[in-house]
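Notes for the one structure printed next.
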Amino acid sequence: MGTECRADAQLSDYAARVLEQVAVAPGCRLLTVSSPGLARAASPGQFALLGCGTGYDPFLRRPLSFHRVDVKRGKVSFLYRVKGSGTQWLAERRRGDVIPVLGPLGRGFRHSDRGKRGLLVGAGLGAAPLLFLAERLSRQAWSLTVLLGAPTRTGILRADAFERFGTVRTVTEDGSTPKKGTILDLLQEEINRGGWDTIYACGPRVVLKAVQEISARTGIPAQISVEERMACGLGACLGCACRSASSSGYLRVCREGPVFDAGEVILDD
Amino acid sequence: MGTECRADAQLSDYAARVLEQVAVAPGCRLLTVSSPGLARAASPGQFALLGCGTGYDPFLRRPLSFHRVDVKRGKVSFLYRVKGSGTQWLAERRRGDVIPVLGPLGRGFRHSDRGKRGLLVGAGLGAAPLLFLAERLSRQAWSLTVLLGAPTRTGILRADAFERFGTVRTVTEDGSTPKKGTILDLLQEEINRGGWDTIYACGPRVVLKAVQEISARTGIPAQISVEERMACGLGACLGCACRSASSSGYLRVCREGPVFDAGEVILDD
Amino acid sequence: MIDLSVEVAGIRMQNPVLVASGTFGCGEEYSPLFDVGRLGALVTKGITLKPWQGNKPPRICETPAGLLNAVGLQNPGVDAFIHEILPVMKGYGVPVIANIAGFTKEEFVEIAERLTGTGVDGLEINISCPNVKSGGMALGTVPELAAEVVEAVVESTSLPVIVKLTPNVTDIVALARAVTDAGADALSLINTLLGMAIDIKSRRPVLGNVLGGLSGPAIRPVAVRAVWQVSQAVDVPVIGMGGICRGEDALEFILAGATAVAVGSAHFRDPLAAMKIISYLEHYCEENGINDWQKLIGTAWKNK
Amino acid sequence: MIDLSVEVAGIRMQNPVLVASGTFGCGEEYSPLFDVGRLGALVTKGITLKPWQGNKPPRICETPAGLLNAVGLQNPGVDAFIHEILPVMKGYGVPVIANIAGFTKEEFVEIAERLTGTGVDGLEINISCPNVKSGGMALGTVPELAAEVVEAVVESTSLPVIVKLTPNVTDIVALARAVTDAGADALSLINTLLGMAIDIKSRRPVLGNVLGGLSGPAIRPVAVRAVWQVSQAVDVPVIGMGGICRGEDALEFILAGATAVAVGSAHFRDPLAAMKIISYLEHYCEENGINDWQKLIGTAWKNK
Ligand SMILES: Cc1cc2nc3c(=O)[nH]c(=O)nc-3n(C[C@H](O)[C@H](O)[C@H](O)COP(=O)(O)OP(=O)(O)OC[C@H]3O[C@@H](n4cnc5c(N)ncnc54)[C@H](O)[C@@H]3O)c2cc1C
Ligand SMILES: Cc1cc2nc3c(=O)[nH]c(=O)nc-3n(C[C@H](O)[C@H](O)[C@H](O)COP(=O)(O)OP(=O)(O)OC[C@H]3O[C@@H](n4cnc5c(N)ncnc54)[C@H](O)[C@@H]3O)c2cc1C
Ligand SMILES: Cc1cc2nc3c(=O)[nH]c(=O)nc-3n(C[C@H](O)[C@H](O)[C@H](O)COP(=O)(O)O)c2cc1C
Ligand SMILES: Cc1cc2nc3c(=O)[nH]c(=O)nc-3n(C[C@H](O)[C@H](O)[C@H](O)COP(=O)(O)O)c2cc1C
Ligand code: FES
Ligand code: FES
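Below you can see the structure in the form of structure tokens.
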């Protein structure tokens, strides 16, 4: 994991061949493609734009975060929820099919040099970019705790995969896992316990806002991965605006983000 | 083959499951679907509208003639050329996929009670509706000659299948079959030889116009299968207009056609 | 089951899902596929005073997520309509709205007069067809001229008068206001967008008529915008149309301010589209516990 | 290799494939993907006099075969443009056309004056942006007002002046004539169609700005029609745009009367679209033995 990623060097529109696609939970799929160049270039927190459909509907590409990257084997995985027409099309791709994948894009998670105790907060699909991050951080001898939360048991994604890289704690709103509550309850517990150098979070806005608030209150630096509707993914169209905390203007989620320091942006509803 | 088809009785939007799809020539495919209801209802010369694509592009359905119908096994086949986005999508369907098929539509070939010596003229893809016709006519003890023409050898489609129902004569413009020339040369030869009760033709406009002219000149009744761009396929939108020979107005290819008596329509370019 | 019935321009409909003029024949074409009597209302193809043979083919050209058409008002004329087509359409037991197209104000009046008392339930004045050259378009784009036509028709008939507007104008709200002031009981919007396509092989226009009208999902955002703008500006009900293919689309128009919707091009992709939309609306109301579904009309701007 | 070079408004371009304003950043964003210096010309995002922060998100909404955008002219203002962005854009060695947007005639003039002599190769007057509320639209829809702006800008600068027209008008030909009479050296058409979308879950408009501009393949038929109509009515070259995604589409615009084309939304689906279009046009000319490819311009109406 680089400090400032130098994505541009290998940014390309890759023709990625599907190696495997499996359902990991209801409506939730793990897609693995072969793309050695992309695998080499990708950093945790960055994303790609996947071309969906053969005609012009759907028209726009879909942004998905890198979930796992196996540089040696040239494999890149995406963890995604089937939501609308684009992800539905992706879900129908089978081994051997080719998907256009533009990436790597954006600014991923950054080093913090304060220390190596990391708290990863993944609400629902927010788990997607965190596995890649967990792997890279653990390689650099970070000690990690991963919080995974969802409304119900089947929404807790990839807990077993995370276990290789740190302590995993899960929570569900309906109590279908041992612990019942929201991920924010869990987060507050861990914050109370203390000893964290950096928080990395991904998930719905309400979770990210809570992380912003905790970071501001406790002084623990946090990095949050933000979502916004995108067109170009390259910083050219100004479509993916997120309000800047330091100026009166906007930042581009696809360029200055998707990972922002918690204090960098204002998340409106 | 009925006299006036009573298509409406079983007209429906069938969810047809693909049984098989094979390439029969470069860019030319034979698609077989399972649809017992459609198989029972279909008559030679009628067609169906096949839904293509999952989004709204392509938007319109594609008209294809019934090429073979196996009522007993509930199978319907289409012979088609991959031309644009719709047929490209069809070409990618595999066994088990479901295609929406609206049909049977239109007015097919009619009985002639003059006699049972039929001349079938299929230029290129014009062979598509003629196989189904040949099969039904031969069951009724017609004696048939089938003329198949194309620019080159690979454009002569399904000659072997036609041989079960009558004498097949082929011609290519580049002489890659024994006989060199156009299908109109072959047609003229057969007309000169004489003895025909009805001509049935399908193919490009230039061929259909020649058939109209021959029919008018010789008095041999001819039926031609006409193509026009379609939207509804049901007679509702008035999109598929073909100039009527008997009035100053237009006939609907999807309703009064696609098979017309040679004298019924004026084919503009 | 929830009651989806609605009144538009005094015409009572069992549900708010109509068919768009020119896309549904006289109902008979679709009757083998579903019970046409389940629709909110039937709308005829444009009816002219005299028989009209329409434009030369090709009349249809597919475009991304839509199509161009240049049918050009092919119809047997008002008298043949009354005697041959209307009885078939009335047979389904739902209101029949006659889409009428004149080339002059006087023609509009004459068609309206002839249709009055025939069993037709309402008139939809088509001052917006892009496929007829002489006058059709101009009448529909200049508020004063449009208002004159509407006023004359309203005076000449006891039938409810719906006015169908073209989106090919700078200010559709001004047009809507003008025809509403002139007495329109309801508005239909939108008609097709003026477009064309060129065949790169022949290097000529695809359509026999050169220009055509663009319809289908491609134009839906333009239609939603028109409904949103107009429904806030006038007091009469709006029938929304333009690219409605699914229940979600119909709901979008209702939220934008439409009292009813019409399904047009969608029939070409899914002949059962209108039926599916009706079912969707029923289920939507049930699932969301909506008793008076008409409260949904214009929610998107009422909530602003 | 065939010579595709072309002159538009006195600006020499190596080929007729430009990028559409607002879709291509300053070139730098796409430069990792292809050699931006192979384009016919670069066109900037709309430039205002003062820095402008744009609309609140969401700014993008996908629609069938297209998208709505309501970016709303976010830009650092003309001075920052000149000092920070222009040098980057000039670095690619192809003409740079500055798309300028004023809220008044005076602002247009002032932006034009500041850009004159900076290295910018031409101005594209954007009197047609649907995403700015105050005035922007009105200026661009009334021929007299549009002409006034154009006349004032033409007088204030030595740069070639291209005028970008909106399709959201009743009579685009009248608008084109007015601005051409006022001195426009070329026309760009079309800008986006005014549209909107409503989120049925929240029952509110999707876009932060409520209204947005529709672009992409969905609008291509409308754009081709505009180019067809306008190119026959005026004597200045037309830059065609609106849904051009592939070489065939570009050719369709050329046949309709465009001298050059611009690629916009297509970049979002295929970032290499413009490059592929250039290759297509080269191959097309070679295969069809076309030496003077400019003879293709307007063939569709010349052949009528
Ligand atoms: C940087 C980034 C990384 C992401 N990573 C992941 C991931 O790893 N796994 C995952 O499941 N999802 C991820 N998302 C969300 C994902 O992009 C959307 O769920 C997806 O685009 C929905 O497409 P659709 O066709 O299924 O839905 P539709 O609702 O049909 O999409 C319509 C349009 O809205 C856009 N859209 C819809 N939801 C979102 C959203 N949440 N964020 C941005 N655009 C949206 C689509 O891209 C499309 O343009 C990410 C989003 C961003 C911005
Ligand atoms: C009654 C009828 C029966 C037909 N039977 C056959 C058949 O059995 N086998 C076969 O290969 N072809 C047949 N055709 C032609 C076939 O419909 C077209 O080749 C096909 O629609 C092309 O679709 P596309 O997406 O590949 O091409 P595109 O060019 O992308 O299609 C664009 C649009 O034009 C329409 N279109 C293009 N060509 C034709 C055409 N020749 N006739 C009507 N519409 C057209 C398409 O339906 C679509 O709406 C028939 C046409 C008709 C009218
Ligand atoms: C083939 C066709 C024919 C049409 N004929 C008429 C007509 O006669 N009168 C009319 O007012 N509108 C006519 N329209 C316009 C439709 O009624 C409708 O306003 C438009 O198509 C937009 O809706 P849609 O996108 O759902 O099709 C026609 C549309 C099509 C596609
Ligand atoms: C995201 C986005 C931003 C745009 N910004 C501008 C702009 O600043 N100025 C302008 O004149 N046009 C702007 N446009 C319009 C395009 O330049 C072009 O006219 C329109 O999108 C149609 O072309 P297309 O369909 O190829 O995108 C913008 C379009 C998009 C999609
Ligand atoms: S998506 Fe275009 S700038 Fe971010
Ligand atoms: S395709 Fe609609 S009438 Fe024939």
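Residue numbers (my numbering), protein chains in the order written: chain A, 1 to 269; chain B, 270 to 538; chain C, 539 to 842; chain D, 843 to 1146.
Using N, Cα and C, we set each Cβ at its ideal position, and we do this for glycine too.
On a predicted model such as this, the values are computed, not experimentally measured, just so you know.
Chain D places a beta carbon closer than 8 Å to that of E228 (chain A), counting this residue as a contact. By the Cβ-count criterion, K702 (chain C) is buried, with 16 or more other Cβ atoms from all chains shown falling within 10 Å of its own Cβ. Distance from the C-beta of K583 (chain C) to the nearest heavy atom of ligand 3 is below 7 Å. For the stretch 911-944 of chain D, residues whose beta-carbon sits nearer than 7 Å to a beta-carbon of chain A comprise N911, V913, Q916. Its chain contains W590, Q591, G592 as the residues whose beta carbon lies nearer than 7 Å to that of Q612 (chain C), once the 5 sequence neighbours on both sides are disregarded; these appear in chain order. For F1095 (chain D), the enclosing alpha helix (DSSP H) begins and ends at 1089-1098.
Under the 8 Å criterion on CB atoms, P906 (chain D) is classed as interfacial with respect to chain B. When the alpha-carbon of N607 (chain C) is set against those of C:P775, C:R742, C:A735, C:R758, the nearest one is in C:A735. For K75 (chain A), the enclosing beta strand (DSSP E) starts and ends at 75-81. Considered as a whole, the stretch 448-494 of chain B harbours 452-462, 474-487 as its complete alpha helix (DSSP H) runs of no fewer than 4 residues, in chain order. Rounded to whole angstroms, the separation of the alpha carbons of V495 (chain B) and E459 (chain B) is 22 Å.
The beta carbons of R153 (chain A) and S176 (chain A) sit closer together than 8 Å. C823 (chain C): member of the alpha helix (DSSP H) spanning 811-825, first to last residue.
Near ligand 5, residues with a Cβ at less than 7 Å from any of the ligand's heavy atoms are A:M230, A:A231, A:C232, A:G233, A:L234, A:G235, A:A236, A:C237, A:L238, A:G239, A:C240, A:R252, A:V253, A:C254, A:R255; the list follows chain order.
Not a single C-beta of chain D is nearer than 8 Å to the C-beta of D97 (chain A).
In this chain, the beta strand (DSSP E) harbouring K1006 (chain D) covers 1003-1006. As DSSP reads the structure, G982 (chain D) sits in no beta bridge. By the 16-neighbour rule on beta-carbons within 10 angstroms, V71 (chain A) is exposed. Contacts between I1120 (chain D) and chain C, judged by CB atoms closer than 8 Å, are missing: the closest CB pair is about 16 Å apart.
Close to Y325 (chain B), with beta-carbon spacing below 7 Å, are these residues of chain D in chain order: P906, A907. Per the CB criterion, closer than 5 Å to any heavy atom of ligand 1, the qualifying residues run in chain order as A:F47, A:L60, A:R62, A:P63, A:L64, A:S65, A:Y80, A:R81, A:K83, A:G84, A:S85, A:G86, A:T87, A:L125, A:A128, A:E227, A:R229, A:P258, D:E904.
Look at F950 (chain D): its beta carbon is at least 7 Å from all of the heavy atoms in ligand 2. Taken from the Cβ of H336 (chain B), at least one heavy atom of ligand 2 lies inside 7 Å. For R62 (chain A), the uninterrupted beta strand (DSSP E) segment begins and ends at 62-65. A direct Cα-to-Cα measurement between E986 (chain D) and L1029 (chain D) gives close to 16 Å. A straight line joining the alpha-carbon of S412 (chain B) with that of V370 (chain B) spans about 32 Å. Put simply, the stretch 228-237 of chain A does not touch the stretch 162-176 of chain A. Fewer than three CB pairs are less than 8 Å apart. Burial state of H336 (chain B) is buried, judged by a 10 Å Cβ sphere holding 16 or more other Cβ atoms. In this structure, P1002 (chain D) has its beta carbon at no less than 7 Å from each heavy atom of ligand 2. It is roughly 16 Å from the alpha-carbon of C511 (chain B) to the alpha-carbon of G377 (chain B). Fully contained in the stretch 872-954 of chain D are the following alpha helix (DSSP H) runs of length 4 or more, in chain order: 928-932. Contact check between the stretch 650-660 of chain C and the stretch 681-695 of chain C: three or more CB pairs, one atom from each, fall below 8 Å, which counts as touching. Note on A292 (chain B): under 16 other CB atoms within 10 angstroms of its CB, so exposed under the neighbour-count rule. Pairwise C-beta distances place the stretch 805-812 of chain C out of contact with the stretch 768-779 of chain C, as fewer than three of them are shorter than 8 Å. In this model, P906 (chain D) and D326 (chain B) are separated by some 8 Å (Cα to Cα). Distances from the CB of M1083 (chain D) to the heavy atoms of ligand 4 include at least one below 7 Å.
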